[in-house]
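The structure under discussion appears below in the form of structure tokens.
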Amino acid sequence: MKRNEMTRRDFLKSLIKISAGAAIFSMIPSAVEATTLNEFKSGKRLHFDDTRIKFPNEINVNDEAVIGEEILGAEGLAIRETYLQFTKELNYRSRTDGIVIHHVGNTDRNVNSAAIHRWHINNGWKGIGYHYIIRKDGTIERGRPLETVGAHCYNQNEHTVGICVIGNFELAKPTQAQFRTAEKLIGAICGLYEIIPNDETIVGHKYYNRTACPGTYLQQWVPDIIRNAKKFC
């Protein structure tokens, strides 16, 4: 009897240890790359603000240039393939069931994916965290390869695609060209991955993290983008 009581006690102790370990593990971001090392160590990862990772003072004329080779992508849309070089090997998603919409945040300049790529490398990442960039004229530029894990949204990178609409939409409004392109691109991605567009699968960054992203003026358009994206799935 005593031996059985000890066994139960040991079992409960083991269960507590396992539960504690699981709790600690669940606090680790799915991609540590999605924050700076100092923020990760100090536990500030849930207080994320896109503006903290941008370097607008480094913007030059080349950062707004037209880049990449325009081809018809797997999405069925014209995509400017930028062939960006990453500092480390990228991982691949095992599932894709959502899309997260972002804005640049710190600048309203019409920057290209190469500029953001440089900023994100300076932030200690492998390279640009978004899969797509939508320029002000509606042009789509490739960021990370579509099938790879992004670095754009805490704890959600392993299953989502990140789209960055260029601009600071706390201060300015997206262009009509950006709005129309976002509808088509999101519809195309939903078609590729059999995602049903709704307010849980297509979201602004602030849906998951404490941030102003994708900005007030873009966030208010998200329901319309979702509704219209359904035409392009």
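If you read the sequence shown in this note's numbering, its first letter stands for residue 1, the second for the next number, and so on. Ideal placement from N, C-alpha and C gives every residue a C-beta, glycine not left out.
- The residue among Tyr130, Ile116, Arg180 with its C-alpha nearest the C-alpha of valine 222 is Arg180.
- Distance check between asparagine 168 and each of Ile99, Asn62, Val104 places Val104 closest, using alpha-carbon atoms only.
- A residue is called buried once 16 or more other Cβ atoms fall within 10 Å of its Cβ, and proline 145, having fewer, is exposed.
- Taking one beta carbon from each stretch, the segment 128-136 and the segment 214-233 have fewer than 3 pairs nearer than 8 Å; the two do not touch.
- By the C-beta criterion, the segment 80-89 is judged to be in contact with the segment 109-124, since at least 3 inter-stretch pairs fall below 8 Å.
- By the Cβ-count criterion, tyrosine 92 is exposed, with fewer than 16 other Cβ atoms from all chains shown falling within 10 Å of its own Cβ.
- Beta-carbon to beta-carbon, asparagine 112 and glutamate 141 are separated by about 6 Å, close enough to satisfy the 8 Å threshold.
- Per DSSP, tyrosine 154 lies in no beta strand (DSSP E) segment and is marked neither H nor E.
- Cα atoms of leucine 90 and aspartate 97: separation of roughly 19 Å, rounded to the nearest angstrom.
- Valine 100 sits close to glycine 162, with the two beta carbons spaced by under 7 Å.
- Valine 149 is positioned such that its CB atom lies closer than 7 Å to that of asparagine 157.
- Within the model, the alpha-carbon separation for leucine 192 versus alanine 151 is close to 21 Å.
- For the set Asn123, Asn122, Ile186, the Cα lying nearest the Cα of leucine 77 is the one of Ile186.
- With respect to cysteine 153, tyrosine 217 sits apart: the two C-beta atoms are not nearer than 7 Å.
- Counting only runs that start and end inside the segment 80-131, the alpha helix (DSSP H) elements of at least 4 residues fall at 113-122.
- In the DSSP assignment, isoleucine 225 falls outside any beta strand (DSSP E) and within the unbroken alpha helix (DSSP H) covering 222-229.
- Between lysine 126 and arginine 80, the alpha-carbon positions lie close to 20 Å from each other.
- 7 Å or more divides the Cβ of histidine 205 from the Cβ of cysteine 164.
- In terms of Cβ geometry, alanine 188 and glutamate 75 form a close pair [threshold 7 Å].
- Under the three-state reduction of DSSP output, glycine 143 falls in the coil class, being neither helix nor strand.
- Partner residues in the beta bridge of glutamate 69, as assigned by DSSP, are Glu81.
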